[in-house]
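Sequential numbering from 1 applies to the sequence shown in this note's numbering.
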Amino acid sequence: MGALTSGLDRRSTLLIALSVFVAGNAITALGTGYEVVMIARIVTAIGAGIITSAASSTAAAIAPPDRRGSALAVVLGGLTLATALGLPLGTLIGRADWHVTLWAVAGIGLAAALGIVIGLPSVKLPAASLSDRLRPLRQGRVLGLLAVTTLLFLGVYILYTYVGQALQGATGGSESLLTVILLAWGIGTLAGNIIAGRLVDLHNPAHVLTGTLLIAAVTLALTPAATAALASAPVWAAIWGATVGVIAVPQQHRLIALSPAAAPVLLGLNSSAIYLGVALGGGLGGLAQEWLALAPAMLGLPAAGITILALLHHLTTARRHTPAAVSVRAFGDESGAPRRDNNGGDVSAGRVAR
1 MGALTSGLDR RSTLLIALSV FVAGNAITAL GTGYEVVMIA RIVTAIGAGI ITSAASSTAA
61 AIAPPDRRGS ALAVVLGGLT LATALGLPLG TLIGRADWHV TLWAVAGIGL AAALGIVIGL
121 PSVKLPAASL SDRLRPLRQG RVLGLLAVTT LLFLGVYILY TYVGQALQGA TGGSESLLTV
181 ILLAWGIGTL AGNIIAGRLV DLHNPAHVLT GTLLIAAVTL ALTPAATAAL ASAPVWAAIW
241 GATVGVIAVP QQHRLIALSP AAAPVLLGLN SSAIYLGVAL GGGLGGLAQE WLALAPAMLG
301 LPAAGITILA LLHHLTTARR HTPAAVSVRA FGDESGAPRR DNNGGDVSAG RVAR
């Protein structure tokens with residue numbers, strides 16, 4: 001989808017993606033059978049999959065270099081806010097009728113589209129075909145960073161996909177208590193996301209990620225004990241959430257540093273790496289419970305192990321990483337002439353100059 005829409009300005013791309021997203025949720029809400037609902041979720045995902053990369057590349061283009069980390073954090077803050085509030089709100093709304101949850105999501109998508117129409121300028125970035133978008137995967141530095149991203153989110157979602165079951169010991173099956181703990185996780189995630197932007201603007205993104213992964217690994221290793229009691233579960237959730245809120249921002253910043261001109265392609269690949277990690281995490285978490293008879297709370301242990309693996313691989317890529325190492329030949333602009341948006345803004349240096 002990124003390749004198909006790369007020739008459009010980013011505002012049009014986001015509006016198309018949101019339209020598909022809204023339609024997919026509406027079809028899901030109207031679905032009366034598993035097959036229809038599953039197809040509708042795939043349609044929804046096609047729209048959702050492009051939103052993160054399109055929004056991130058736009059933010060990177062219109063922000064000055066010294067504020068790029070904060071700009072990316074704002075965009076990721078939307079994704080973080082959705083994760084932080086969506087699950088507890090969906091838990092509460094869905095108790096009455098799950099269809100209402102889907103209609104609410106569709107309505108929020110329409111509100112987002114209205115915000116794009118009103119608030120986002122038209123920004124044109126270099127077009128890239130599917131082959132262009134896949135070409136960076138042949139470059140070791142890019143592939144290494146993307147592997148770190150996948151491992152990071154695999155470690156998160158091997159547990160988070162089943163966090164409701166993992167918290168049974170603390171909640172005793174109470175959906176209200178579960179909502180409180182999930183809200184604590186969400187607040188921690190939002191705080192981490194806000195802090196991440198500032199940290200990345202002031203410090204080496206690789207160092208920010210190193211410290212965060214260490215804290216995350218320890219927190220995940222404590223999951224079986226921390227989720228057994230109501231007193232400790234919200235604290236555990238808030239700390240883990242804060243680490244999740246941090247990790248995506250330095251990864252995006254490091255990818256952009258490889259080649260600012262190739263930011264749309266690299267951020268698109270990073271979004272794909274995120275979704276791959278989410279899918280693998282959910283699948284492996286389910287298999288671990290079925291094949292290894294692991295209790296949901298015990299999933300924190302393999303999650304911690306995968307996070308440590310991500311940390312080790314990250315340290316390897318950090319030692320090899322050199323900014324501006326990715327060739328921009330593949331990304332459709334070799335002329336050296338300034339690239340401009342539809343309002344005349346110069347985006348040749350990865351930002352819009354008014």
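Note that CB positions come from ideal geometry on N, CA and C, so glycine has one too. These figures come from a predicted structure and were not determined experimentally.
Is the Cβ-Cβ distance between Gln251 and Thr149 less than 8 Å?
On the sequence shown, position 251 is the one that residue 251 refers to. On the sequence shown, position 149 is the one that residue 149 refers to. Their beta carbons are under 8 Å apart, which means Gln251 touches Thr149 by this criterion.
Check whether the Cβ atoms of Thr179 and Thr52 sit closer than 8 Å, and answer yes or no.
Sequence index remark: in the sequence shown, residue 179 carries index 179 (1-based). Sequence index remark: in the sequence shown, residue 52 carries index 52 (1-based). Not closer than 8 Å, so no.
Rounded to a whole number of angstroms, what is the C-alpha to C-alpha distance between Leu177 and Val246?
To locate residue 177, count along the sequence shown from 1; it is residue 177. To locate residue 246, count along the sequence shown from 1; it is residue 246. In a straight line, the C-alpha of Leu177 is about 26 Å away from that of Val246.
Give me the Cα-Cα distance between Gly94 and Trp185, rounded to the nearest whole angstrom.
In the sequence shown, counting from the first residue as 1, residue 94 sits at position 94. In the sequence shown, counting from the first residue as 1, residue 185 sits at position 185. Rounded to whole angstroms, Gly94 and Trp185 show a C-alpha spacing of 19 Å.
Where do the ends of the alpha helix (DSSP H) carrying Tyr275 lie?
One-based indexing of the sequence shown puts residue 275 at position 275. 263 to 291 is the extent of the alpha helix (DSSP H) around Tyr275.
Go ahead and pull the three-state DSSP assignment for Val123.
For the purposes of this step, residue 123 is taken as residue 123 along the sequence shown, with counting starting at 1. Here Val123 sits in coil by DSSP.
Select from Ala26, Leu183, Val278 the residue whose C-alpha is nearest the C-alpha of Val100.
Here the question's residue 100 lines up with position 100 in the sequence shown. Comparing Cα positions, the closest option is Ala26.
Three-way DSSP call (helix, strand, coil) for Thr61 in this model
The residue you call residue 61 lines up with position 61 of the sequence shown. One point to set straight first is that residue 61 is Ala, not Thr, in the sequence displayed. Ala61 falls in the helix class under three-state DSSP.
Run the CB neighbour count on Gly77, radius 10 Å, all protein chains shown included, and call it buried at 16 or more, exposed below.
Here the question's residue 77 lines up with position 77 in the sequence shown. By the 10 Å Cβ count, Gly77 comes out buried.
Give me the Cα-Cα distance between Gly172 and Arg198, rounded to the nearest whole angstrom.
Taking the first residue of the sequence shown as 1, we reach residue 172 at position 172. Taking the first residue of the sequence shown as 1, we reach residue 198 at position 198. CA-CA distance, Gly172 to Arg198, rounds to 39 Å.
Can you name, in chain order, every residue of its own chain whose Cβ lies under 8 Å from the Cβ of Leu15, other than the five neighbours on each side?
Along the sequence shown, read from residue 1 onward, the residue named residue 15 stands at position 15. Once the five neighbours on either side are set aside, the close Cβ partners of Leu15 are Ala113, Ile116, Val117.
Pick out the complete alpha helix (DSSP H) segments inside the stretch 154 to 196, 4 residues or longer, and give them in chain order.
Fully enclosed alpha helix (DSSP H) runs of 4 or longer: 163 to 166, 168 to 171.
Using the beta-carbon count (16 or more within 10 Å), is Ser131 buried or exposed?
Residue mapping note: residue 131 aligns to position 131 of the sequence shown, counting from 1. By the beta-carbon neighbour count (other beta carbons within 10 angstroms, threshold 16), Ser131 is exposed.
Inter-residue spacing [alpha-carbon to alpha-carbon] between Ile274 and Ala248:
By 1-based counting over the sequence shown, the position of residue 274 is 274. By 1-based counting over the sequence shown, the position of residue 248 is 248. The straight-line gap from Cα to Cα measures roughly 9 Å.
Thr28 to Pro88 span [Cα, whole Å]:
Along the sequence shown, one-based indexing puts residue 28 at 28. Along the sequence shown, one-based indexing puts residue 88 at 88. Taking the straight line joining both Cα atoms gives about 20 Å.
On a CA-only basis, which of Ala73, Leu222, Asn204, Gly144 is nearest Ala196? Give me that one, please.
Position 196 of the sequence shown holds residue 196. For the residues Ala73, Leu222, Asn204, Gly144, the minimum Cα distance to Ala196 belongs to Ala73.
Am I right that Gly241 and Gly282 are in contact with their C-beta atoms under 8 Å? What's the rounded C-beta distance?
Taking the sequence shown and counting its residues from 1, the one referred to as residue 241 is at position 241. Taking the sequence shown and counting its residues from 1, the one referred to as residue 282 is at position 282. Wrong, their Cβ atoms sit about 18 Å apart, outside the cutoff.
Would Thr189 and Ile215 be called neighbours here (beta carbons separated by less than 8 Å)?
Position 189 of the sequence shown, counted from the start, is the residue given in the question as residue 189. Position 215 of the sequence shown, counted from the start, is the residue given in the question as residue 215. Cβ atoms of Thr189 and Ile215: not closer than 8 Å.
At the level of alpha carbons, what is the spacing between Gly164 and Val43?
The residue labelled residue 164 in the question sits at position 164 within the sequence shown. The residue labelled residue 43 in the question sits at position 43 within the sequence shown. The alpha-carbon of Gly164 is positioned some 26 Å away from that of Val43.
Taking C-alpha atoms, which residue in Val37, Val20, Val142, Ile187 lies nearest to Ala82?
Here residue 82 refers to the residue found at position 82 when the sequence shown is read from its first residue. In terms of CA proximity to Ala82, Ile187 leads the group Val37, Val20, Val142, Ile187.
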